Structures are given as structure tokens and as C-alpha cells.
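Reviewing the structure listed below.
Number of protein chains: 2
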Amino acid sequence: MALSPISYDAGGRSFTGFLADGSEGLRVPGVLVIHEGGGLTDHAKGRAARLAELGYVAFAMDLFGSEVEPPAPGRPETMAKAQAVVRALREDVAELRARCAAALGVLRAHPHVDPARLAAIGFCFGGAAALELARSGAPLAAVAGFHAGVLPGSAEDDRAIGAKVLLCHGEQDPVVPASQIRDFTARLTEAGVDWQLHLYGGVGHSFTNIEIDAWNLPGFRYDEAADRRSWAALMQLFSEVF
Amino acid sequence: MALSPISYDAGGRSFTGFLADGSEGLRVPGVLVIHEGGGLTDHAKGRAARLAELGYVAFAMDLFGSEVEPPAPGRPETMAKAQAVVRALREDVAELRARCAAALGVLRAHPHVDPARLAAIGFCFGGAAALELARSGAPLAAVAGFHAGVLPGSAEDDRAIGAKVLLCHGEQDPVVPASQIRDFTARLTEAGVDWQLHLYGGVGHSFTNIEIDAWNLPGFRYDEAADRRSWAALMQLFSEVF
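Those sequence lines, one after another, are chains A and B.
Mapping to our numbering: the first sequence position 41 is 41, numbers consecutive.
Numbers given in our numbering equal positions in the second sequence, counted from 1, plus 1000.
In C-alpha cells:
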């Protein structure tokens, strides 16, 4: 499925995401895809393309901005730059939410997207971003985080989540320990949110991302079974809400 | 799908299970279905029928024996009797395993069952029983526990599990706290078992069993979303192994 670059602005900065349109001209659900801390690579673009093959319009948004080079293995300075952007966005949740909202706006405005049927999915830091979008009260039917981080937030933030939440997580994730996810889900219960947590035994961080293995990071590794299972869980959730 | 009663013996005691054959004469996977602590009712029989509609041969086994009357709401003495049997089986794991093995033998011997493709699923105490069957080294490709209990067992027991394990659990299960399930999954990781745990927010015990609401037990309640999601997870697991 072809991906089309779309440039858009947020807060005076320029971003370039990639849109895949599987609508065949109908009005279909729109899915925002938010990349890992490692940047907008073929991983998130590939998920957008896969969603389009299933009939959705999917937009692989850009969290970092057009001036940030995508990190590349063998060039650690590129990853250091991306990590600095992630740190800054963790500290400035309003900016993070604004970037996500701008990208959701691009998706909603697409002529083949039914604005009443929207979802956001995210990977790693992109999962935290998707959850922040939901916490901002964005009209999402579903939000899914794969090996997602979670930002602190308030109980009021949690109560603003109208989306059904799916979290797919590696039991041995060294970046986002399962205990941190459990603390978050306890908060979601308090807030009355419909949530599910799928934990995969013996699985680490970035389990959906085949690119991650080239980085040789301890505890980060692709896991074919967990990738397949978590994607199936997403499809099941979409079958509920769309 | 029609259910046929099958009587069989284990340890000198007589049992009656119900078999549903969806094979259409082919050799297909066989699924053992193990009922809740509340006995072999329409709940487990219904799951066997549903599996047969999907092309499996399914056997809703009898954990309690033909002389134990199925518990009925409004007749608390029948539940008390069933609970006494459950307590006895919890204390006598060898007997529990023997009853499951006998039922698995019935399933394996069925002419339409491929004995190389077997699974066991169980609900509540039946989930603990299914896990004990796996811990006994039974040749199961998959085992699933829905709002399942877990018996103590040894590390050696855990290492005997060759099946892929799926646990679907209510976050607010008052009978089997999620923390108990987490302790078990940590052991499964130690043992190198392929496992997944799906936790459902705000969901209690017996969430798959519509009959449970008639008992008015605190923290026991049917949950349509969790029932649907957990069944979909089972179907996904079966699509992996069969």
C-alpha cells in the first residue's frame, strides 16, 4: 500500500507524516500511528500500510519534526538527538499533546476518514503519546500502546479517556517495567476506563519492531509471537469499536 | 451442535462428560473443556458445542463424578457439596490429574481426534485443573485458563508444561487475585514456558459464565466484553498451534 508524505505544522514547527489510504473512496475509520522513540522509520510506516491494506486510512505521524534526522544504527549521534527530543517532550506534555492533536487533525480532515471513528496506536514512547492524546479528551474510540511508556498525568487526565484502552507489554521490558504498567491500569480502573493489558512472558521492549535488533540494546528485541499476538489483539479491539 | 454423553471411569469412580463432534468425519484437533467449581453445567457444555461449530471435537469433561449433583441456584446444599469436592481435589492433586488424564484419554481415543493436536481449556477451578494436566506433562499444544485458579506445584511441575499457556483474568477477581496469577507467570518464565496473561480492567470472577449472576456472589459476575475478548484470544492461540 502506497504511503504519501504529508507535511503539517504544529506550534510553528514543521512535521512530515505518511498517510496510507485503504478506503477505496469510502468513509472509513482513521488510525493515527505514533512511532517509537527511535523515530519515524519503516516500522511505523509499515503499520500504517498494513492498516490501509485492511481498509483503514492510517497516518504515521511525525513526533520529532522535519529537522530531526531519523536515527540510524551505526550513527549513535542520531539516536542521541532523538532521545533528547523524547526527553524534552516528556517534560512538556502540552507540547506532546499538541503535536499529536495536530496530526490527528490531519487524519480527521482526510476526505475518506469518518471523523466519528478514530483510533490511535503507538509504540514505545509513541504509546505514551497515544495515551496522552486520549488523556487530552481527543475523540478516540480506541487507543493501543505496544511496549508503551506512561507519563505521570493526573486523575483528571485519566477520567478524560473515552477510548477503550489496549496495552500489550513484554513481561521483561527493562524500559517500562510491568509494575509501572500495573500502576497505570489501577489508575484507569479508578477512572472507569475500559482497559485490557496483555502481558507476554519472557518478552522485552520493542517486541513489534524488527529493526530494533540492529541496535543491540539489552532487553530490546523483536519477538515474532508477541508481535503477532498483539496485532491480533488490536484487530479484535477494532472489530469491537469500528 | 449436538452433545453426546460419554461415561468413563477414573480411579474406580464413574464420570459422565459431553462430547461435541464438529469434525465432519475428518481428523481434527481435540479440545478438553473443564468446568468451573460450580459443576458441569450448560456453561462448559456450551463451550464444547461452540468449539464443535468451529470444527473441533470438544469434550466437556466431568471433574466431580456421576454421583455429585450439579449445583443449582436456590439449593445452597448442592453448591456446598461441589465445594467440598473442589477442596478435596485441591488437596489431592494426583487424583485431580488422574481425572483429567482419564477424560483426555476419552478425547484422544475418539476416531475423529488427531492425537497430535490437543488442547485443554478450563474455567475457574477447571482452569487450575487444565494447568495441572499440562504440569503432568500431558501432550497438549495449548492450555487456557479463564478466571483460573492455580495450585501450588513445584518448579519441576512447571517445567513439564509443553503447552503454550493463555491466562485470561479479571483484574478484580476476588477469588484468584491478579497478584497470585502474576506469581504463577513469574514461575512460568523461570520454567521457559510460552505464556500470555490477558488482564481485563474492572472485571471480576467467572466473567465468561452468564449463569453466575443467578448466584449473587460478591465479585462474581458475567462480563460480556471480557467474555468476547478472552474467547477471541483463545481462537488466536488455536490458530497458532492448530
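We put the beta carbon where it would ideally sit given N, CA and C, even for glycine.
This one's a predicted model, so the numbers in the text were calculated from it and none came from an experiment.
Partner residues on chain A for residue i, Cβ-Cβ distance less than 8 Å
| i | result |
| --- | --- |
| residue 1194 (chain B) | 201, 202, 225 |
One or two residues paired with residue i in a DSSP bridge
| i | result |
| --- | --- |
| residue 197 (chain A) | A:167, B:1199 |
| residue 30 (chain A) | A:57, A:118 |
| residue 1008 (chain B) | B:1015 |
| residue 178 (chain A) | Beta-bridge pairing links residue 178 (chain A) to no other residue. |
| residue 43 (chain A) | In the DSSP output, where bridge partners are listed per residue, residue 43 (chain A) has none listed. |
| residue 1110 (chain B) | Beta-bridge pairing links residue 1110 (chain B) to no other residue. |
| residue 1075 (chain B) | B:1072 |
| residue 1147 (chain B) | Paired residue(s): none; residue 1147 (chain B) is not in a bridge. |
| residue 142 (chain A) | A:119, A:164 |
Spatially closest choice to residue i from the options, by CA coordinates
| i | options | result |
| --- | --- | --- |
| residue 1106 (chain B) | B:1006, B:1226, B:1217 | B:1006 |
| residue 1044 (chain B) | B:1170, B:1117, B:1146, B:1174 | B:1146 |
| residue 1141 (chain B) | B:1239, B:1040, B:1014, B:1013 | B:1239 |
| residue 37 (chain A) | A:225, A:212, A:237, A:230 | A:212 |
| residue 3 (chain A) | A:133, A:19, A:13 | A:19 |
| residue 234 (chain A) | A:205, A:123, A:135 | A:123 |
| residue 82 (chain A) | A:63, A:99, A:46, A:174 | A:63 |
| residue 1112 (chain B) | B:1121, B:1128, B:1052 | B:1052 |
| residue 1079 (chain B) | B:1017, B:1040, B:1241 | B:1040 |
| residue 1174 (chain B) | B:1167, B:1157, B:1188, B:1148 | B:1148 |
| residue 1013 (chain B) | B:1156, B:1096, B:1132, B:1205 | B:1096 |
| residue 1188 (chain B) | B:1241, B:1169, B:1156 | B:1156 |
| residue 1 (chain A) | A:54, A:17, A:16, A:178 | A:54 |
| residue 132 (chain A) | A:181, A:190, A:90 | A:90 |
| residue 232 (chain A) | A:139, A:178, A:166, A:153 | A:166 |
| residue 185 (chain A) | A:209, A:119, A:152 | A:152 |
| residue 180 (chain A) | A:128, A:224, A:110 | A:128 |
| residue 1168 (chain B) | B:1074, B:1204, B:1139, B:1134 | B:1204 |
| residue 1154 (chain B) | B:1178, B:1190, B:1139, B:1119 | B:1190 |
| residue 1016 (chain B) | B:1061, B:1046, B:1042 | B:1061 |
| residue 1046 (chain B) | B:1209, B:1074, B:1076 | B:1209 |
Proximal chain B residues relative to residue i, where beta-carbon distance stays under 9 Å
| i | result |
| --- | --- |
| residue 205 (chain A) | Here the premise fails: no neighbours, minimum Cβ distance about 16 Å. |
| residue 54 (chain A) | In chain order: nothing, as chain B lies at least about 16 Å away. |
| residue 229 (chain A) | 1196, 1233, 1236, 1237, 1240 |
| residue 188 (chain A) | 1201, 1202 |
Proximity of residue i and residue j at Cβ, strictly below 8 Å
| i | j | result |
| --- | --- | --- |
| residue 103 (chain A) | residue 222 (chain A) | no |
| residue 1114 (chain B) | residue 1029 (chain B) | yes |
| residue 207 (chain A) | residue 183 (chain A) | no |
| residue 1059 (chain B) | residue 1072 (chain B) | no |
| residue 1130 (chain B) | residue 1143 (chain B) | yes |
| residue 229 (chain A) | residue 1236 (chain B) | yes |
| residue 1136 (chain B) | residue 1088 (chain B) | no |
| residue 1108 (chain B) | residue 1010 (chain B) | no |
| residue 1031 (chain B) | residue 1056 (chain B) | yes |
| residue 1269 (chain B) | residue 1176 (chain B) | This structure cannot speak to residue 1269 (chain B), because chain B is shown only from 1001 to 1242. |
| residue 1035 (chain B) | residue 1170 (chain B) | no |
| residue 242 (chain A) | residue 50 (chain A) | no |
Check: residue i C-beta below 7 Å from any heavy atom of the ligand SAH
| i | result |
| --- | --- |
| residue 1046 (chain B) | As far as ligands go, the structure on display features none, and thus does not contain the ligand SAH. |
Interface residues of chain B facing residue i [CB-CB closer than 7 Å]
| i | result |
| --- | --- |
| residue 198 (chain A) | 1196, 1198 |
| residue 232 (chain A) | 1236 |
Interface partners of residue i on chain A, CB under 9 Å
| i | result |
| --- | --- |
| residue 1041 (chain B) | Result: empty, since nearest Cβ-Cβ is about 27 Å, beyond 9 Å. |
Under 8 Å from the C-beta of residue i: neighbouring residues of chain B
| i | result |
| --- | --- |
| residue 185 (chain A) | 1171, 1199, 1201 |
Cutoff 8 Å: residue i Cβ touching any chain E Cβ
| i | result |
| --- | --- |
| residue 169 (chain A) | Any reference to chain E falls outside this structure, whose protein chains are A and B. |
Inter-stretch contact at 8 Å, needing at least 3 Cβ pairs: the region 1183 to 1200 of chain B / the region 195 to 202 of chain A:
yes
Examine the Cβ distances between the region 1145 to 1161 of chain B and the region 1066 to 1078 of chain B and report whether three or more of them are shorter than 8 Å.
no
Answer yes if the region 1016 to 1027 of chain B comes into contact with the region 212 to 220 of chain A, meaning at least three C-beta pairs across the two stretches below 8 Å, and no otherwise.
no
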